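In full-length UniProt numbering, the protein residues as written are 1 to 340. Positions of the beta carbon are idealized from the N, C-alpha and C atoms, including for glycine. Keep in mind the model is a prediction, meaning the values are calculated, not measured. The structure appears right after this line, and notes come after that.
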């Protein structure tokens with residue numbers, strides 16, 4: 001039990017839900033920001049233990065009021081989209097919204113600020129596949145609009161540090177786990193469950209959502225300041241990821257490498273489908289390009305400095321698959337995993 005008052009942005013989201021569950025378990029006094037339209041599905045079992053504040057991170061007066069009496073801030077709110085038509089709004093929320101949260105934290109004099117960023121904010125450069133925390137951003141065609149927005153958000157947090165903010169940053173890779181099966185990386189589970197014949201040739205990093213939540217709290221509770229940490233549980237090819245996911249779901253693994261022309265055709269078909277059904281595409285021109293590239297993300301820094309152990313990705317996928325199958329049997333479009 002702790003008497004620390006914490007504020008969480010993005011608390012009803014995929015990561016935010018697990019972060020809140022972890023904080024509730026540890027006995028923190030919690031405020032969490034939600035929008036009027038936020039779904040409470042992922043937090044319904046713990047929502048009565050949290051003080052909910054309805055507002056927006058683009059609303060500066062609201063943020064200053066929300067932070068009164070708060071000692072610690074977890075900033076996990078962000079838009080994740082690879083849809084070109086959402087790029088401007090995403091940049092506004094992720095960059096300007098982060099600036100507002102940082103400014104409010106400085107104004108109210110919070111003790112510590114943990115920002116959830118992304119490996120995307122480290123930048124992607126052609127012919128430089130090995131990436132660690134020292135990576136310097138370079139403008140590149142390999143960087144998506146989402147990456148640009150997260151990089152600019154990070155810049156606001158570093159700016160806050162120069163103005164006196166005690167802060168730390170987490171850069172998780174692709175976050176995997178049970179959540180809303182129609183959103184974000186959770187969509188991949190649903191797609192594989194329906195049958196996935198092809199896989200792209202690239203590779204990237206993957207991490208359990210519970211590891212990200214746990215690392216955020218460990219970092220907040222530590223004396224570490226002014227640092228950023230890559231959170232990456234496994235560097236896998238997409239073939240291995242989709243194969244292991246299919247096996248966990250008792251589905252046939254994909255066996256055919258998707259040729260570049262097939263990937264190109266797929267993102268165009270997804271674009272057309274999204275226009276017809278007014279939904280976000282599962283794959284865009286940006287993600288189609290990066291799915292063909294190979295990137296390796298180093299996690300040695302957090303392992304060494306926080307003695308951090310990552311949940312094996314095979315275990316993550318099995319637990320996620322179990323949650324997915326349970327939710328499908330119950331007719332739900334979301335699922336949750338136990339914290340341990």
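Beta carbon of residue 218 nearer than 8 Å to that of residue 306: By 1-based counting over the chain shown, the position of residue 218 is 218. By 1-based counting over the chain shown, the position of residue 306 is 306. Result yes, Cβ atoms of residue 218 and residue 306 sit closer than 8 Å.
Continuous alpha helix (DSSP H) stretch holding residue 107: start and end: Translated into positions along the chain shown, residue 107 becomes position 107. Residues 97-108.
Assigned exposure category for residue 40 - 16 Cβ within 10 Å defines buried: Numbered from its first residue, the chain shown carries residue 40 at position 40. Classification of residue 40: exposed, given that the 10 Å Cβ count is below 16.
Assumed close pair residue 50, residue 32 - CB separation to whole angstroms, cut-off 8 Å: Taking the chain shown and counting its residues from 1, the one referred to as residue 50 is at position 50. Taking the chain shown and counting its residues from 1, the one referred to as residue 32 is at position 32. Indeed, because the Cβ distance is near 5 Å, the residues count as touching under 8 Å.
Validate contact between the region 293-311 and the region 225-234 using beta carbons, cut 8 Å, 3 pairs: Yes: at least three Cβ pairs fall under 8 Å.
Spatially closest choice to residue 92 from 331, 136, 178 and 146, by CA coordinates: Taking the first residue of the chain shown as 1, we reach residue 92 at position 92. When each option's Cα is compared against that of residue 92, the closest is 146.
Residue 205 in three-state terms, based on DSSP: The sequence position of residue 205 within the chain shown is 205, counting from 1. Reduced to three states, the DSSP call for residue 205 is strand.
Span separating the alpha-carbon of residue 87 from that of residue 317: The sequence position of residue 87 within the chain shown is 87, counting from 1. The sequence position of residue 317 within the chain shown is 317, counting from 1. Residue 87 and residue 317 have their alpha carbons spaced roughly 30 Å apart.
Three-pair Cβ contact test at 8 Å for the region 130-141 versus the region 178-192: The answer is no - the region 178-192 does not touch the region 130-141, with fewer than three Cβ pairs under 8 Å.
Beta-ladder partner(s) of residue 170, from DSSP: The count along the chain shown starts at 1 and reaches residue 170 at position 170. The partner list for residue 170 (beta bridge, DSSP) reads 116 and 229.
Assigned exposure category for residue 124 - 16 Cβ within 10 Å defines buried: Looking up residue 124 in the chain shown gives position 124. Here residue 124 is buried: its Cβ has 16 or more other Cβ atoms, across all protein chains shown, within 10 Å.
With 16 other Cβ atoms within 10 Å as the buried cut-off, status of residue 68: By one-based count along the chain shown, residue 68 stands at place 68. In summary, residue 68 is exposed, with fewer than 16 beta-carbon neighbours lying within 10 Å of its beta-carbon over all protein chains present.
Bounding residues of the beta strand (DSSP E) (the contiguous stretch that carries residue 245): Residue 245 sits at position 245 when you count from the first residue of the chain shown. Unbroken run through residue 245 is the alpha helix (DSSP H), 238-248; no beta strand (DSSP E).
Euclidean distance between Cα positions of residue 25 and residue 14: By one-based count along the chain shown, residue 25 stands at place 25. By one-based count along the chain shown, residue 14 stands at place 14. Spanning the two alpha carbons is a distance of roughly 17 Å.
Reference residue 122, options 224, 297, 268 and 222, closest by Cα: What you label residue 122 is simply residue 122 of the chain shown in a count that begins at 1. Nearest of 224, 297, 268 and 222 to residue 122, Cα basis: 297.
Per DSSP, the bridge partner or partners of residue 52: Residue 52 sits at position 52 when you count from the first residue of the chain shown. 32.
Residue-level contact to chain B via CB, residue 155, 8 Å cutoff: Among the protein chains of the structure shown there is no chain B, as only one such chain exists.
C-beta atoms of residue 263 and residue 292 nearer than 8 Å: Reading the chain shown from its first residue, position 263 is the one you call residue 263. Reading the chain shown from its first residue, position 292 is the one you call residue 292. In this structure, residue 292 lies closer than 8 Å to residue 263 by Cβ.
Helix, strand or coil at residue 308 according to DSSP, with G and I counted as helix: Looking up residue 308 in the chain shown gives position 308. Of the three classes helix, strand and coil, the one that applies to residue 308 here is coil, per DSSP.
Cβ-Cβ separation, residue 216 to residue 170 (assumed contact under 8 Å), whole Å: Here residue 170 refers to the residue found at position 170 of the chain shown. Here residue 216 refers to the residue found at position 216 of the chain shown. Contact flag correct, Cβ pair sits at about 6 Å.
Under 8 Å between C-beta atoms of residue 287 and residue 202: Within the chain shown, the letter at position 287 stands for residue 287. Within the chain shown, the letter at position 202 stands for residue 202. Judged by beta-carbon spacing, residue 202 lies beyond the 8 Å limit of residue 287, meaning their Cβ atoms are not closer than that value.
Pick from 334, 235 and 221 that is closest to residue 23, judged by C-alpha positions: Position 23 of the chain shown, counted from the start, is the residue given in the question as residue 23. Looking at the Cα atoms, 221 is the closest of the given residues.
Same chain, Cβ closer than 6 Å to residue 224, five either side skipped, listed in chain order: In the chain shown, counting from the first residue as 1, residue 224 sits at position 224. Same-chain partners within the cutoff: 168.
Burial state of residue 48, where buried means 16 or more other Cβ atoms lie within 10 Å: As a working note, residue 48 is residue 48 in the chain shown. By the neighbour-count rule (16 or more Cβ atoms within 10 Å), residue 48 is not buried but exposed.
Distance between residue 128 and residue 136 (C-alpha atoms, nearest Å): Taking the chain shown and counting its residues from 1, one reaches residue 136 at position 136. Taking the chain shown and counting its residues from 1, one reaches residue 128 at position 128. Using only the alpha carbons, I get a separation of about 11 Å.
8 Å Cβ cutoff met for residue 321 and residue 336: For the purposes of this step, residue 321 is taken as residue 321 along the chain shown, with counting starting at 1. For the purposes of this step, residue 336 is taken as residue 336 along the chain shown, with counting starting at 1. No, they are not a contact pair.
Neighbourhood of residue 29 by C-beta distance below 6 Å, restricted to the same chain and skipping five residues each side: Mapped onto the chain shown, residue 29 falls at position 29. Shown here for residue 29: same chain residues with a beta carbon closer than 6 Å to its own, the five before and five after excluded, namely 5 in chain order.
Rounded separation between residue 63 and residue 152 - CA only: On the chain shown, residue 63 is found 63 positions in, with the first residue counted as 1. On the chain shown, residue 152 is found 152 positions in, with the first residue counted as 1. Across the structure, residue 63 and residue 152 are spaced so that their CA atoms are roughly 20 Å apart.
C-alpha distance - residue 140 paired with residue 148, whole-angstrom precision: Position 140 of the chain shown, counting from 1, holds the residue named residue 140. Position 148 of the chain shown, counting from 1, holds the residue named residue 148. So the two alpha carbons sit approximately 10 Å from each other.
Residue 111 and residue 71 closer than 8 Å at C-beta: The count along the chain shown starts at 1 and reaches residue 111 at position 111. The count along the chain shown starts at 1 and reaches residue 71 at position 71. Taking 8 Å as the Cβ cut-off, residue 111 and residue 71 qualify as a contacting pair.
Through-space distance from residue 194 to residue 2, alpha-carbon basis: The residue you call residue 2 lines up with position 2 of the chain shown. The residue you call residue 194 lines up with position 194 of the chain shown. Residue 2 and residue 194: Cα-Cα distance of roughly 45 Å.
Under 8 Å between C-beta atoms of residue 197 and residue 260: Translated into positions along the chain shown, residue 197 becomes position 197. Translated into positions along the chain shown, residue 260 becomes position 260. No, Cβ-Cβ distance for residue 197 and residue 260 is not below 8 Å.
From 109, 265, 332 and 211, residue whose alpha carbon lies closest to that of residue 313: To locate residue 313, count along the chain shown from 1; it is residue 313. For the residues 109, 265, 332 and 211, the minimum Cα distance to residue 313 belongs to 211.
Euclidean distance between Cα positions of residue 237 and residue 294: As a working mapping, residue 237 is identified with position 237 in the chain shown. As a working mapping, residue 294 is identified with position 294 in the chain shown. C-alpha of residue 237 to C-alpha of residue 294: approximately 8 Å in a straight line.
Three-state class that DSSP yields for residue 139 in the structure shown: The sequence position of residue 139 within the chain shown is 139, counting from 1. DSSP places residue 139 in coil when its eight states are reduced to three.
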